[in-house]
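Asker: For the record, the sequence lines run as chains S and F.
Everything in the first sequence is counted per this note's numbering, starting at 1 for the first residue and increasing by one.
Everything in the second sequence is counted per this note's numbering, starting at 1001 for the first residue and increasing by one.
Note that CB positions come from ideal geometry on N, CA and C, so glycine has one too.
2 protein chains.
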Amino acid sequence: MAARGRPREFDVDEALERAVDVFWRQGYEGTTLEDLTNAMSISRPSLYAAFGNKEGTFRQAIGRYARVEMSYIDAALAMPTARAVAEHYLRSNVVSITLPDRPRGCLSIQGGLAGHPADQRIVDFLNESRGAGEARFVRRFQQAIDEGDLSAAEDPAELARYLATVTAGLAVQASAGATRAELARVAERALAAFPQ
Amino acid sequence: MAARGRPREFDVDEALERAVDVFWRQGYEGTTLEDLTNAMSISRPSLYAAFGNKEGTFRQAIGRYARVEMSYIDAALAMPTARAVAEHYLRSNVVSITLPDRPRGCLSIQGGLAGHPADQRIVDFLNESRGAGEARFVRRFQQAIDEGDLSAAEDPAELARYLATVTAGLAVQASAGATRAELARVAERALAAFPQ
DNA sequence: ATCATTATTTACCATACATTCAAGAGTGAC
DNA sequence: GTCACTCTTGAATGTATGGTAAATAATGAT
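Written out as structure tokens, the structure reads:
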């Protein structure tokens, strides 16, 4: 609690926000320490003291991204029906990956789908992060079945995987330049294959 | 035509096949010259003489990948109806991205969705390549409308974008470890939202 | 005031990277 | 057999990379 020693001159969370931006635009392997320290306006030793190393900075950036940029997932999961969950998820995903003043697409996908064997832990970490997100939808759809809101003939895991597949595809399209309006139409079509 | 000078000791196309494999697994930025020359069993100067440089090797690898690994697209486009085109495309895509003895996913996606500014040309190149593939489907669906096979109320560009979105998402899922059976079910669900 | 503690600054380090040079070796033309 | 030509081998080049050491500066505790 007591703040001993010289106080930090920068705000850790604000610096992390800059890191998110760089990793989002350039991916893990495409980002150098110099890119990071320039964007964060801190020195290399400050970065190492605050975040450990490049990998630590990335992991914390992913954490902030999930907390801030993907908070719409919490709202989606709180919807009263499985159908409403899916609608809210896809529609807010489209908005999130096409925000005017931010990088296009999704950090957890452009962060690194593949990489050098030395960076395999990063790829694994991103895969696990996305898997954890998908698992939340599995549980939510199981709950919907338990509540009688969703037919017991449906497979919660398949529905969650379907939505995760669509959002991943939407992120790829967004990063390649597809517009919000175009992706919104794709999302509505994808919803046509979702129960009810 | 005349083969003057010392003959090349390796087969260019076979070497390119090895390069495809490495780029597929590791992406453009995650692949070093050493990774390439090891996999291709040639020396650095041999690679430069045959392919120009790392970027040239990648572009030619993408060319080979499109020609060999994505030939099922030609077959899909040759199907007699728009519906059959979509079915063939998604189903063979699932097979292609989950082949047992090959990297999982799709080279044109894991090759590099994002990257260092110095590698932006690679990212652009991949985006354009995927866009060119998508454009073939736009033309095919327009043809289907012209032939009366597909309702004129449908937008060929939207249908093509929908399929491209799904295949991109499937590739992400495959690279993260989803099984062929799981992805086949996702593909069938996605087809439920395609006309007819 | 002194000290322990933590940040910052500046410079450095070892390695890895893409690319190329220089010398030698295998081929066809004459 | 010599020459022009092209490939291979092995080494080197310059730079960029992630990470760190040492010295200095700012705070709280005593």
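Taking F/Val-1020 as the reference, give the member of F/Val-1166, F/Val-1172, F/Glu-1182, F/Ser-1108 with the closest Cα.
Answerer: Residue mapping note: residue 1020 of chain F aligns to position 20 of the second sequence, counting from 1. That would be F/Ser-1108, whose Cα lies nearest to the Cα of F/Val-1020.
Asker: Please list the residues of the stretch 147-168 of chain S that have a C-beta atom closer than 9 Å to any C-beta atom in chain F, keeping them in chain order.
Answerer: Here the close residues are Asp-155, Ala-157, Glu-158, Leu-159, Arg-161, Tyr-162, Ala-164, Thr-165, Val-166, Thr-167, Ala-168.
Asker: At 4 residues or longer, what runs of the alpha helix (DSSP H) sit wholly inside the stretch 1024-1088 of chain F?
Answerer: Those alpha helix (DSSP H) runs which fall completely within the stretch 1024-1088 of chain F and span 4+ residues are 1033-1040, 1044-1051, 1054-1068, 1072-1077.
Asker: On the DSSP letters alone, give me the boundaries of the alpha helix (DSSP H) that S/Glu-128 sits inside.
Answerer: On the first sequence, residue 128 of chain S is found 128 positions in, with the first residue counted as 1. Per DSSP, S/Glu-128 belongs to the alpha helix (DSSP H) from 120-146.
Asker: Is the Cβ-Cβ distance between S/Ala-39 and S/Arg-18 less than 8 Å?
Answerer: Residue 39 of chain S sits at position 39 when you count from the first residue of the first sequence. Residue 18 of chain S sits at position 18 when you count from the first residue of the first sequence. For S/Ala-39 and S/Arg-18, yes; Cβs fall inside 8 Å.
Asker: F/Val-1095 versus chain S: which residues are under 9 Å apart at the beta carbon?
Answerer: Start at 1 with the first residue of the second sequence, and residue 1095 of chain F comes out as number 95. None at all; the shortest Cβ gap to chain S is about 16 Å.
Asker: Three-state secondary structure (DSSP) at S/Met-1?
Answerer: Locating residue 1 of chain S in the first sequence gives position 1, where the first residue counts as 1. Caution applies to S/Met-1, whose pLDDT of 47 falls short of 50 and renders its modelled position unreliable; the value that the coordinates give is listed next. Reduced to three states, the DSSP call for S/Met-1 is coil.
Asker: For F/Met-1001 and F/Gly-1131, I'd like the C-alpha separation in whole angstroms.
Answerer: Indexing the second sequence from 1 puts residue 1001 of chain F at position 1. Indexing the second sequence from 1 puts residue 1131 of chain F at position 131. With a pLDDT of only 48 at F/Met-1001, under 50, the local geometry of the prediction cannot be trusted, and the value read off the model is given with reservation. In a straight line, the C-alpha of F/Met-1001 is about 36 Å away from that of F/Gly-1131.
Asker: Roughly how many angstroms separate the alpha carbons of S/Thr-179 and F/Gln-1110, rounded to a whole number?
Answerer: The residue you call residue 179 of chain S lines up with position 179 of the first sequence. The residue you call residue 1110 of chain F lines up with position 110 of the second sequence. Taking the straight line from one Cα to the other gives about 22 Å.
Asker: Which of the residues in the stretch 11-42 of chain S, read from start to end, lie with their CB under 8 Å from any CB of chain F?
Answerer: Cβ contacts with chain F: Trp-24, Arg-25, Gln-26, Gly-27, Glu-29, Gly-30, Thr-31, Thr-32, Asp-35.
Asker: Using a Cβ-Cβ cutoff of 9 Å, what residues of the stretch 67-98 of chain S are near chain F? List them in chain order.
Answerer: The stretch 67-98 of chain S vs chain F, Cβ under 9 Å: nothing.
Asker: My guess is that S/Leu-163 and S/Leu-90 are in contact by the Cβ rule of under 8 Å, so how many angstroms apart are they, rounded?
Answerer: For the purposes of this step, residue 163 of chain S is taken as the residue at position 163 of the first sequence. For the purposes of this step, residue 90 of chain S is taken as the residue at position 90 of the first sequence. Confirmed, about 7 Å.
Asker: Just mark S/Gly-5 as buried or exposed, buried being the case when its beta carbon has 16 or more other beta carbons within 10 Å.
Answerer: Locating residue 5 of chain S in the first sequence gives position 5, where the first residue counts as 1. So S/Gly-5 counts as exposed.
Asker: Can you give me the C-alpha to C-alpha distance between S/Glu-34 and S/Asp-13, rounded to a whole angstrom?
Answerer: Here residue 34 of chain S refers to the residue found at position 34 of the first sequence. Here residue 13 of chain S refers to the residue found at position 13 of the first sequence. Rounded to whole angstroms, S/Glu-34 to S/Asp-13 spans 19 Å at the Cα level.
Asker: Rounded to whole angstroms, what is the Cα-Cα separation between F/Val-1166 and F/Ala-1157?
Answerer: Within the second sequence, numbered from 1, the residue matching residue 1166 of chain F stands at position 166. Within the second sequence, numbered from 1, the residue matching residue 1157 of chain F stands at position 157. Between F/Val-1166 and F/Ala-1157, the C-alpha separation is close to 14 Å.
Asker: Which residue comes first and which comes last in the alpha helix (DSSP H) that contains F/Thr-1165?
Answerer: Position 165 of the second sequence, counting from 1, holds the residue named residue 1165 of chain F. Here the alpha helix (DSSP H) through F/Thr-1165 covers 1156-1176.
Asker: With DSSP as the reference, label F/Asp-1021 as helix, strand or coil.
Answerer: Numbered from 1 along the second sequence, position 21 holds the residue referred to as residue 1021 of chain F. Helix, per DSSP.
Asker: Just to confirm, are F/Leu-1183 and S/Val-172 a CB contact at a threshold of 8 Å?
Answerer: Along the second sequence, read from residue 1 onward, the residue named residue 1183 of chain F stands at position 183. Along the first sequence, read from residue 1 onward, the residue named residue 172 of chain S stands at position 172. No, they are not a contact pair.
Asker: Less than 8 Å separating the beta-carbons of S/Glu-134 and S/Ala-160?
Answerer: Indexing the first sequence from 1 puts residue 134 of chain S at position 134. Indexing the first sequence from 1 puts residue 160 of chain S at position 160. Yes. Within cutoff.
Asker: Return no unless some Cβ of chain F is closer than 8 Å to the Cβ of S/Gln-196.
Answerer: On the first sequence, position 196 is the one that residue 196 of chain S refers to. Chain F contact via Cβ: absent.
Asker: How about S/Ala-174 and S/Ile-73: are their beta carbons less than 8 Å apart?
Answerer: Taking the first sequence and counting its residues from 1, one reaches residue 174 of chain S at position 174. Taking the first sequence and counting its residues from 1, one reaches residue 73 of chain S at position 73. Not in contact: S/Ala-174 and S/Ile-73 (Cβ atoms no closer than 8 Å).
Asker: Using a Cβ-Cβ cut-off of less than 8 Å, list which residues of the stretch 131-146 of chain S approach chain F; keep chain order.
Answerer: The stretch 131-146 of chain S vs chain F, Cβ under 8 Å: Gly-131.
Asker: Would you give the residue range spanned by the alpha helix (DSSP H) that F/Glu-1009 belongs to?
Answerer: Locating residue 1009 of chain F in the second sequence gives position 9, counting from the first residue. Looking at the DSSP string, F/Glu-1009 is not in any alpha helix (DSSP H), and its letter there is neither H nor E.
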